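Protein chains in written order, with numbering that gives the first Met the number 0: chain Z, 0 to 205; chain D, 0 to 205; chain P, 0 to 205; chain H, 0 to 205.
4 protein chains.
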Amino acid sequence: MNKSRLEAFSDGVFAIVITLLILDIHAPSTSSLSVHDLRPLLPHVVTFVLSFVIVGVYWVAHHHMLHFIRQVDRNLLWLNLLLLLCVVFIPFPASLLGRGFANPLVVRLYGCTLIAKNAAGLFFWLYATSHRELVVAHLNREFVLWVTKIHSSPMLVYAAAVGIAGWSTAISLVLFAAVPVFFIFPNRLLKRRIGAMTQADHDTHA
Amino acid sequence: MNKSRLEAFSDGVFAIVITLLILDIHAPSTSSLSVHDLRPLLPHVVTFVLSFVIVGVYWVAHHHMLHFIRQVDRNLLWLNLLLLLCVVFIPFPASLLGRGFANPLVVRLYGCTLIAKNAAGLFFWLYATSHRELVVAHLNREFVLWVTKIHSSPMLVYAAAVGIAGWSTAISLVLFAAVPVFFIFPNRLLKRRIGAMTQADHDTHA
Amino acid sequence: MNKSRLEAFSDGVFAIVITLLILDIHAPSTSSLSVHDLRPLLPHVVTFVLSFVIVGVYWVAHHHMLHFIRQVDRNLLWLNLLLLLCVVFIPFPASLLGRGFANPLVVRLYGCTLIAKNAAGLFFWLYATSHRELVVAHLNREFVLWVTKIHSSPMLVYAAAVGIAGWSTAISLVLFAAVPVFFIFPNRLLKRRIGAMTQADHDTHA
Amino acid sequence: MNKSRLEAFSDGVFAIVITLLILDIHAPSTSSLSVHDLRPLLPHVVTFVLSFVIVGVYWVAHHHMLHFIRQVDRNLLWLNLLLLLCVVFIPFPASLLGRGFANPLVVRLYGCTLIAKNAAGLFFWLYATSHRELVVAHLNREFVLWVTKIHSSPMLVYAAAVGIAGWSTAISLVLFAAVPVFFIFPNRLLKRRIGAMTQADHDTHA
Chain Z
0 MNKSRLEAFS
10 DGVFAIVITL
20 LILDIHAPST
30 SSLSVHDLRP
40 LLPHVVTFVL
50 SFVIVGVYWV
60 AHHHMLHFIR
70 QVDRNLLWLN
80 LLLLLCVVFI
90 PFPASLLGRG
100 FANPLVVRLY
110 GCTLIAKNAA
120 GLFFWLYATS
130 HRELVVAHLN
140 REFVLWVTKI
150 HSSPMLVYAA
160 AVGIAGWSTA
170 ISLVLFAAVP
180 VFFIFPNRLL
190 KRRIGAMTQA
200 DHDTHA
Chain D
0 MNKSRLEAFS
10 DGVFAIVITL
20 LILDIHAPST
30 SSLSVHDLRP
40 LLPHVVTFVL
50 SFVIVGVYWV
60 AHHHMLHFIR
70 QVDRNLLWLN
80 LLLLLCVVFI
90 PFPASLLGRG
100 FANPLVVRLY
110 GCTLIAKNAA
120 GLFFWLYATS
130 HRELVVAHLN
140 REFVLWVTKI
150 HSSPMLVYAA
160 AVGIAGWSTA
170 ISLVLFAAVP
180 VFFIFPNRLL
190 KRRIGAMTQA
200 DHDTHA
Chain P
0 MNKSRLEAFS
10 DGVFAIVITL
20 LILDIHAPST
30 SSLSVHDLRP
40 LLPHVVTFVL
50 SFVIVGVYWV
60 AHHHMLHFIR
70 QVDRNLLWLN
80 LLLLLCVVFI
90 PFPASLLGRG
100 FANPLVVRLY
110 GCTLIAKNAA
120 GLFFWLYATS
130 HRELVVAHLN
140 REFVLWVTKI
150 HSSPMLVYAA
160 AVGIAGWSTA
170 ISLVLFAAVP
180 VFFIFPNRLL
190 KRRIGAMTQA
200 DHDTHA
Chain H
0 MNKSRLEAFS
10 DGVFAIVITL
20 LILDIHAPST
30 SSLSVHDLRP
40 LLPHVVTFVL
50 SFVIVGVYWV
60 AHHHMLHFIR
70 QVDRNLLWLN
80 LLLLLCVVFI
90 PFPASLLGRG
100 FANPLVVRLY
110 GCTLIAKNAA
120 GLFFWLYATS
130 HRELVVAHLN
140 REFVLWVTKI
150 HSSPMLVYAA
160 AVGIAGWSTA
170 ISLVLFAAVP
180 VFFIFPNRLL
190 KRRIGAMTQA
200 DHDTHA
């Protein structure tokens, strides 16, 4: 299996999932729609934005991982499909969450899907990096460990959100949103490491 | 993040959004459909064509901007996702508008989504061009300003449409349609500038 | 506009349209489904296969045309979007046709959509080939005319189907199906011409 | 027809089909969703995972076949569209199967769709390999036969599942699931052959 075809297929799946999320927002079929009629749609819109951003972060993470992969063997291929299975599943809990944020069961289902996605990403990364022939030559042990941490820590945050849902689903939602916010907004921790790695990358290719 | 992968992913999202728009046109489930039954679908069809053309113009604009971008950093990546978020949102106000053109609230929601999309495109362009290392070398200040104007002026038209909606939604719709018409039909203003830039481009690559 | 990006975007739209067609087949929600319950789905399945094959032929025709195009200017870009607009519209009349073949109005709407698609393809081809700088050098006048005929003749068949619908929709459907059958099953007319052109193509590139 | 465009289009269709499968899982619209309300969704989720994995295996098989194809002629192009037609059809029987596993008719429809897909894949492979100019030079007769067997054997398993459905749909489902499990989990039979072929491949390209 060629790496670039794996990328193209995965990109396609990410693009479709991120777009399908909008199909879940439906306005009530009244003849004269008012602002009052649109208010119940707010949880749907919030869930749409949250899920769009989370899937967006997953897409970027997928690219970053593949950047260090040189070759794809059969196992890695199936691990990639496992990862995509989790991504494709997201619209279902997202559609439940869009109905309202008060139900702890729905919040937990959403959180568990995200945990499953991150776990699949982690398996993918650990399998690839434990097979020298699959990754680029200049990948050092320290960086592998750092990416492993970066993939694992959101799982802790999501697990906390799942645990806390019975007590306050509002806090759970803040925790869900905190993860993409950390990855999107520039912060010193991410910048230094990625900067260092990209530098090493340039040095190798130069 | 590789520029060509950003393009491919964005293309995928644009292609899916532009195609999903048709899913909103449903004929009534009568056993013997007549021309009379199809008449209420007219606003849906008009909205479909309008939104298809607007998203098409956005897709072309996206390509034109990326043509001058050499490298994509993390911030630009997230600005691109913000832009795509606005594009993916379009089917929702489009689906409301398809139910009829008389409701000012719906016309305003549609207009505000378009303004948000243009604003995101503007942020993308301004961020990229204010970082020399992200754009191609031969990009002059005059051209950057011209593209900025080209991206900003539709926002004024859309804002006028939003403002005027309370008085006449018909004029709002004409204003919405005027923007893609300006970009699609050959006119001297667009031709001269793009021609000049493409020429400069050829000279540089030659 | 780069030619390969136009191809990729068009391919995406064709792939989505061809796949969305299946969403129109829904079985009745009875607890114990029998063969009897599936019978009303037959027109849906026939329409699905017919539309899949027609869109497939359009996709192949699109590629054949683009094979001879070297460069894409703004007008050609918009003509391509017009062509895609017609393709994206197909699922709507297809969904009406799937409800049953007896309604002449629906058969006519389906036929008119196909005529519009072919007309858009014809405009695309005529515009491109009347601008020497947009097409490959070895394109001779005779071949241009032949492709023009190949694109125009289905319009006559579709028009006949539209005209005949008031008298017999069954004949209309046979006419709709005849067009892809002609293009798919090997026949001497197509083979000789395409063979000759491909040969000329090889000679030029050799 | 260029091989890489055929691949890109097919990838697009596979990616959309694999993602559309999730649209079939809908929770009941109750205000307070409980675990009890989610239980009827279990067949939908199981069918989603089963179909996702089966389509995933088809995607991988498609790539493996195309790996040995050098050139695509008109017939191969239409055989590929026939194969995609079967893939695009899968969401329909999958949607029926998701309603419950007890109905033999539905299980048979699902199985027959899978048989049709494998038969189309087989026609594709047999046509390509019986035309020397379409395949890579180092393809030996033994390997062609092995791939033919690998494509045919699932048809026997599916046919057994269809036959047995009247007696026990549970066994049919186990048989459906057995096929992707065989292809995904590493086993000596697959490994040796693919390893040998890849080796031959490397030797040829070296």
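Ideal Cβ placement from N, Cα and C applies to all residues, glycine included. Just so we're clear, the structure is a prediction, and the values are computed from it rather than from any experiment.
Residues of the region 55-80 of chain D with a C-beta atom less than 9 Å from some C-beta of chain Z are Arg73, Asn74, Leu76, Trp77 and Leu80, listed in chain order. At a cut-off of 9 Å between beta carbons, D:Ile15 contacts chain P.
Closest option to P:Tyr109, judged by alpha-carbon separation, among P:Leu133, P:Gly162, P:Leu125 and P:Leu144: P:Gly162. Between D:Ala93 and D:Asp36, the gap from beta carbon to beta carbon reaches 9 Å or more. Against chain P, the CB of D:Thr18 has a partner CB under 9 Å away; the residue lies at that interface. Partner residues in the beta bridge of P:Ile68, as assigned by DSSP, are P:Val134. The DSSP assignment places 34-37, 41-66 and 73-88 as complete runs of the alpha helix (DSSP H) inside the region 16-90 of chain Z, in order along the chain (cut-off: 4 residues). Excluding residues up to 5 positions away in sequence, Val52 and Val56 lie with their Cβ nearer than 8 Å to the Cβ of H:Ile183 in the same chain. In the three-state reduction of the DSSP assignment, D:Gly120 falls in the helix class, which pools H, G and I. When the Cα atoms are used, H:Leu40 and P:Ala118 turn out to be separated by approximately 47 Å.
For Z:Trp166, the secondary structure class from DSSP, reduced to helix, strand or coil, is coil.
Taking all protein chains shown into account, Z:Leu155 has fewer than 16 neighbouring C-beta atoms within 10 Å of its C-beta and is therefore exposed. As the crow flies, the alpha-carbon of D:Leu75 is around 40 Å from that of H:Leu82. Only those residues of the region 119-149 of chain H whose C-beta falls short of 9 Å from the nearest C-beta of chain P would be listed, and there are none. H:Ser3 carries a helical assignment under DSSP once its states are collapsed to helix, strand and coil.
Between the alpha carbons of P:Thr46 and P:Val106 lies a distance of about 11 Å.
Nearest in C-alpha terms to D:His63, of all of P:Val87, P:Arg98 and P:Leu5, is P:Leu5. Ranked by Cα distance from P:Pro185, the first of H:Gly165, H:Ala26, H:Asp72 and H:Leu144 is H:Asp72.
For the region 23-40 of chain H, the set of positions with a beta-carbon nearer than 7 Å to some beta-carbon of chain Z reads Ile24, Ala26, Ser31, Leu32, Ser33 and Val34 in chain order.
Counting only residues of its own chain and dropping the five nearest sequence neighbours on each side, H:Ile17 has a CB closer than 7 Å to the CB of Phe51, Val54 and Gly55. Under the three-state reduction of DSSP output, D:Gly97 falls in the coil class, being neither helix nor strand.
For the 9 Å CB-CB criterion, P:Ser31 and H:Asn139 do not form a contact.
In this structure, DSSP gives H:Ser129 a state outside helix and strand, which the three-state scheme calls coil. Around the Cβ of H:Ala127, a 10 Å sphere holds 16 or more other Cβ atoms; the residue is buried. Listed along chain P are Ile21, each with a C-beta nearer than 7 Å to that of H:Pro90. Distances from the alpha-carbon of Z:Trp124 to those of Z:His150, Z:Gly99, Z:Leu96 and Z:Ala7 put Z:His150 closest. The three-state secondary structure of D:Phe13, taken from DSSP, is helix.
The beta-carbon of H:Ile183 is placed less than 9 Å from the nearest beta-carbon of chain Z. H:Pro42 and H:Phe100 do touch by the CB rule: their CB atoms are close to 6 Å apart, below 8 Å.
Straight-line spacing of the CA atoms in H:Ile170 and H:Gly97 works out to 16 Å. Here DSSP, grouped into helix, strand and coil, assigns Z:Phe184 to coil.
Note on geometry: alpha-carbon atoms of Z:Leu174 and Z:Tyr157 lie some 7 Å from one another.
With a threshold of 9 Å between beta carbons, H:Phe8 makes contact with chain P. The alpha-carbon separation between Z:Leu19 and P:Val59 amounts to approximately 27 Å. Between D:Phe91 and D:Thr112, the gap from beta carbon to beta carbon is short of 9 Å.
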